[in-house]
Each structure stands twice: as C-alpha cells, then as structure tokens.
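What follows is a set of notes on a single structure, which appears directly below.
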Amino acid sequence: MATIKDIAERVGVSTCTVSRYINRKIVVKEETAKKIDEAIKELDYHKNYMAVSLKTRSSKIIALVIPSLKNVFFAEIADNIASRLEKKGYSMITFTTDNNYEKEMETCERLLEVGVAGVIFMTKPFDFQNDDHLERLRKHNIVTLMINRNFEPKNYPSVSTDFKDGVQRATRLLIEKGCKNIGLIVGAKNHPQSDIYREPFIEVMQDSGFSPDSYHVKTCHFSPKEMEKVTEELLDDGVDAIFGISDFITLSALKVIEKRGFKIPQDIMLIGSGNTQFSELVNISSLDSRTDLLGQKGAEMLLALLEGKETKTFILVKPDIVERASTN
592 MATIKDIAER VGVSTCTVSR YINRKIVVKE ETAKKIDEAI KELDYHKNYM
642 AVSLKTRSSK IIALVIPSLK NVFFAEIADN IASRLEKKGY SMITFTTDNN
692 YEKEMETCER LLEVGVAGVI FMTKPFDFQN DDHLERLRKH NIVTLMINRN
742 FEPKNYPSVS TDFKDGVQRA TRLLIEKGCK NIGLIVGAKN HPQSDIYREP
792 FIEVMQDSGF SPDSYHVKTC HFSPKEMEKV TEELLDDGVD AIFGISDFIT
842 LSALKVIEKR GFKIPQDIML IGSGNTQFSE LVNISSLDSR TDLLGQKGAE
892 MLLALLEGKE TKTFILVKPD IVERASTN
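For what it's worth, the working numbering labels the leading residue of the sequence shown as 592, then goes sequentially.
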C-alpha cells in the first residue's frame, strides 16, 4: 500500500507538504498540486482514516443512518449532506436499518467500533422503543444529530421539515379544488412520522366542516402490496383525492388508480410528499420537503457542533407545495 512518504519521494517534496495538501491545510503551486495528484493516482494511494483517527485521536468520518437507500427522498438528502461534509475534509459512510429498531441498535455498536466523529439519524424505526443506544454514542463524545426525527426541541440537535404547516396547506389545497372525500395514507400506526401527517390533516378537515365519514386515514409499512391494498380500500370508500405521506406511496396509488380505470385529476386528485425526481417524472403534485435544505442545514449544524461553534440546535424547514397535473 502506497504511503505519503512514497508520494513525497515521487514528487520531490517533503512528506509534510504532501500531508498538509491532502488534508487541505495548505495551498501549493498549481504545478506541485498537479504532480501530487498524478502521484496519488499512479501509486493508487488511499488515505487510511482509521490510522489517522488513532494517531490524532480525532476522526474525520461521519456516519449517516437511514431506513433505506431505495427511497429517493433519503438518497437526495444523503447526497446534499455528503457534498457539504466533503468540502470540510470529512468522509461519510452510510448505514441502513430497514426501519428496524434492533438494526439501529446494532448499527450504533458498529459506529462505536469504527470511531466516527458524528452521526446523523434520519427518521425513527417503526418499532422504536427508547434512546439508550443514542445515549451511549453521546457518552463516547460522538456528536449525534437528527433529521426529520424530532419535530419539536428535544434532547438532540435536530433539523426537520415543518410537516404540520405543509400538511395543512396541502389538505386545504385539495378542499379548495373541490375534493369532498379525501384519503390520507401514512406509515406505521402510532409512529411519529405518521402522527405528524395525521393530526394536521384531521384538524383541517374538521375545521373545514367535514364529517368523519368524509375523510379516511390508512396506515401501511411501505411494502408495495400493502400500499396497493390500502389504495384499493380508499377507492372502495369512494375517495376523490389521495394524499400520500411519501411520493413512493403516491406512485403505488397511481398504479392502482389507473388499473381501476379512474382518470387523474378528473376522478381522483393525487398529492405526494417529498417532491422527489419520481414525482416530477410522472407529473404528480407533491409537498416539497426541501431535501436540499435538510441536507445543507443538517451538515452545517453538525460541522458547527464538531468545531465547538455556537449554533441553533433546532431548525424547522418550511416546505413548499409543487402543483402538477395530478391536482390541476
């Protein structure tokens, strides 16, 4: 394995110069930078982050813990976080939990072994029980931050979408469009992410004078079969609009609606959440959770905490509503 010393000998500069250049602590002449970059490529040099951590007793590795990379929403946030961390010399490793509490606990044990500087968690597992595993990270001085996991100031620094505001506006939009029998599809029952959609949705429906039989809330665990099943149930209930907690859910609903021969938006209006690339491709209206700002604000807050700088520890990002053909 090539070392910094090998690169220095190849280029004809000191190991100190190469080390400081690689760690972005100095700016060297363009010609020297080019030679170092070429030597790194030719010698197939890779920075040993674990060795650096042991030597300096500090880590430049950040872990991102998410439910799944299959959901474009999480992937978009991850991309925004990684690009900002990279500019500050940090590397990001990603772990997936499949929304499983036990897997999240196991991941925390691995993080303690790896020796990361900080961890960002996105959303809570469906079967979440307590914060004991997160407290272990904090006791080991690992900076821990939440994205779309805490929707009010709590024990951990957090950046979240203001879903209450967004859900209220999206629900009112459907009512203003003339919808009189609206269905909402959320995630697991009693999950915070489900509650943050369900409560403002019901509040707006009731405040607008709708009786309980004029709106429906269905729960699912995001499996294709389950999402299609609850969509079938809503269609049997005669809904004229479906609001999904994610674009992933709304895409499944779209498939069932078209299969049943209904027209969008003439028969049924559709609105999703996330405003991912998929919603744009199939022309579905969506609550834009601002994945760009979630990633940006999350990375900035984490970096400030790592550097001991003063920073806000709770940020709510205002969502937008992007209207497309499914509500027009």
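Backbone N, C-alpha and C define an ideal beta-carbon position, used for all residues, glycine too.
| Check | Outcome |
| --- | --- |
| Rank Leu-702, Thr-687 and Ala-708 by C-alpha distance to the C-alpha of Thr-714 and give the top, closest one. | Thr-687 |
| Please state whether DSSP places Phe-665 in a helix, a strand or coil. | helix |
| For the beta strand (DSSP E) that Ala-832 lies in, which residues bound it at each end? | 832 to 835 |
| I think Val-777 touches Ile-836, with their Cβ atoms under 8 angstroms apart; what is that distance to the nearest whole Å? | 5 angstroms |
| Pull up the CB-CB distance for Gly-709 and Leu-897, whole angstroms please, since I reckon it's below 8 angstroms. | 6 angstroms |
| Can you list, in chain order, the residues of its chain with a C-beta nearer than 7 angstroms to that of Lys-626? Leave out the 5 residues immediately preceding and following it. | Val-602 |
| Within a Cβ cutoff of 6 angstroms, which residues of the same chain sit near Asn-866, ignoring the five residues on either side of it in sequence? | Ser-877, Asp-879 and Val-913 |
| Less than 8 angstroms between the CB atoms is what I'm expecting for Ser-659 and Phe-665, so what's the real figure, rounded? | 6 angstroms |
| Inspect the beta-carbon positions of Leu-728 and Thr-685 and report whether they are closer than 8 angstroms. | no |
| Give the straight-line distance between the Cα atoms of Glu-849 and Asp-858, rounded to the nearest whole angstrom. | 11 angstroms |
| Just checking my contact of Lys-691 with Asp-718 at CB under 8 angstroms: how many whole Å lie between their CB atoms? | What sits at residue 691 in the sequence shown is Asn, not Lys. Right, the Cβ-Cβ distance comes to about 7 angstroms (below 8 angstroms), so this counts as a contact. |
| Find out if the Cβ-Cβ distance for the pair Thr-841, Gly-863 is shorter than 8 angstroms. | yes |
| Going by alpha carbons, who is nearest to Lys-771 out of Ala-624, Val-795, Val-750 and Glu-726? | Val-795 |
| Could you give the distance in angstroms between the alpha-carbon of Leu-894 and the alpha-carbon of Thr-902? | 10 angstroms |
| Considering only the beta carbon of each residue, do Ser-610 and Ile-631 sit closer than 8 angstroms? | no |
| When DSSP labels each residue in this structure, what does Tyr-747 get in the three-state scheme? | coil |
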